[in-house]
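Heads up: the structure comes next, in structure tokens.
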Amino acid sequence: MTTGTAPSHTPMDALLSTVKDVYLNTPALIDFAPWPARLENSGLGHRRMPAEPLITGFAETGTPETDAIVNAIKVASSDAYWTQTYTVEEVGQDFLNRYGYFELLGPTGHFYNDELRGYVGYWGEGLDYGWHNHEAEELYYCLAGEGLFKAEGEADHSLTASQTKYHSSFQKHAMSTSDKPFLCLAFWRGKGMRELPRMAS
Ligand code: ZN
């Protein structure tokens with residue numbers, strides 16, 4: 068007979084486990100980087116952001132794999148350490164009201180490791196996320212909705228559920244949404260993983 072309490076299974080644990088299941092079964096993701104062998108709960112609390120009701124009310128449908136993640140995000144949203152990298156001067160108030168992300172796993176994420184960073188990102192419809200770049204290599208994975216990507220040296224590219232988009236180190240890229248919001252995972256690997264994206268000057 069055992070005593071004591073079982074480890075609690077939080078909505079954030081459930082989200083991590085759902086993301087891991089999809090990651091391990093998606094060649095484009097597992098080819099980008101191995102799933103980290105160790106992930107330590109860093110005890111991050113909730114940080115509010117204006118777009119939270121847009122997450123919980125998110126109505127776009129993805130694929131069966133991505134819908135499982137979308138549903139887990141809706142539940143975990145009220146525990147997430149939501150973050151906004153940009154200022155009103157850079158992107159405007161409407162953008163800040165309808166965008167946000169949190170780091171699920173990574174150096175400063177809910178689950179610590181220093182090999183793979185995984186963000187949950189949301190942009191409302193009709194937003195322009197201008198040209199920016201960062202040292203880390205990046206792979207976007209669309210969960211639902213649609214993002215229209217521009218990347219230096221490439222043709223424009225629309226991303227819908229279960230599709231991925233890769234950016235090399237310091238490759239400039241931009242993203243906009245049309246009449247649909249965009250909910251995604253973004254993974255970072257390699258040098259510069261602790262940095263933040265910067266708007267291109
Ligand atoms: Zn990027």
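All you need for my numbering is the position in the sequence shown, starting with 1, plus 67. Just so it is clear, CB atoms sit at the ideal spot from N, CA and C, and this is done for glycine as well. Since this is a predicted model, take the numbers as computed values, not measurements.
- When Cβ pairs closer than 8 angstroms are counted between the two stretches, the region 93-105 is seen not to touch the region 75-82, the count staying below three.
- Closest in C-alpha terms to residue 266, from the list 197, 233, 260, comes 197.
- Rounded to the nearest angstrom, the Cβ distance from residue 171 to residue 186 is 7 angstroms, consistent with a contact under 8 angstroms.
- With contacts defined by Cβ atoms closer than 8 angstroms, residue 123 and residue 229 do not form a contacting pair.
- Non-local C-beta neighbours of residue 144 in its own chain, meaning closer than 8 angstroms and more than five positions away in sequence, comprise 119, 122, 123, ordered along the chain.
- Here the distance from the Cβ of residue 240 to the nearest heavy atom of the ligand ZN is below 7 angstroms.
- Put simply, the region 196-212 touches the region 221-238. At least three CB pairs are less than 8 angstroms apart.
- Around the C-beta of residue 194, 16 or more other C-beta atoms lie within 10 Å, and the residue is accordingly described as buried.
- Per the C-alpha coordinates, the member of 114, 258, 117, 98 positioned closest to residue 236 is 258.
- Annotated three-state conformation of residue 98 is helix, per DSSP.
- The C-beta distance from residue 214 to residue 249 rounds to 4 angstroms, short enough to fall under 8 angstroms.
- Under the DSSP assignment, residue 84 falls outside any beta strand (DSSP E), being part of the alpha helix (DSSP H) whose first and last residues are 78-91.
- For a cut-off of 8 angstroms, the C-beta gap from residue 203 to residue 260 is around 5 angstroms, short enough to register as a contact.
- Of the residues assessed, residue 108 falls on the exposed side of the cut-off, its CB having fewer than 16 other CB atoms within 10 angstroms.
- Within its own chain, the residues whose Cβ lies closer than 6 angstroms to the Cβ of residue 231, once the five positions on either side in sequence are excluded, are 95, 206, 208, listed in chain order.
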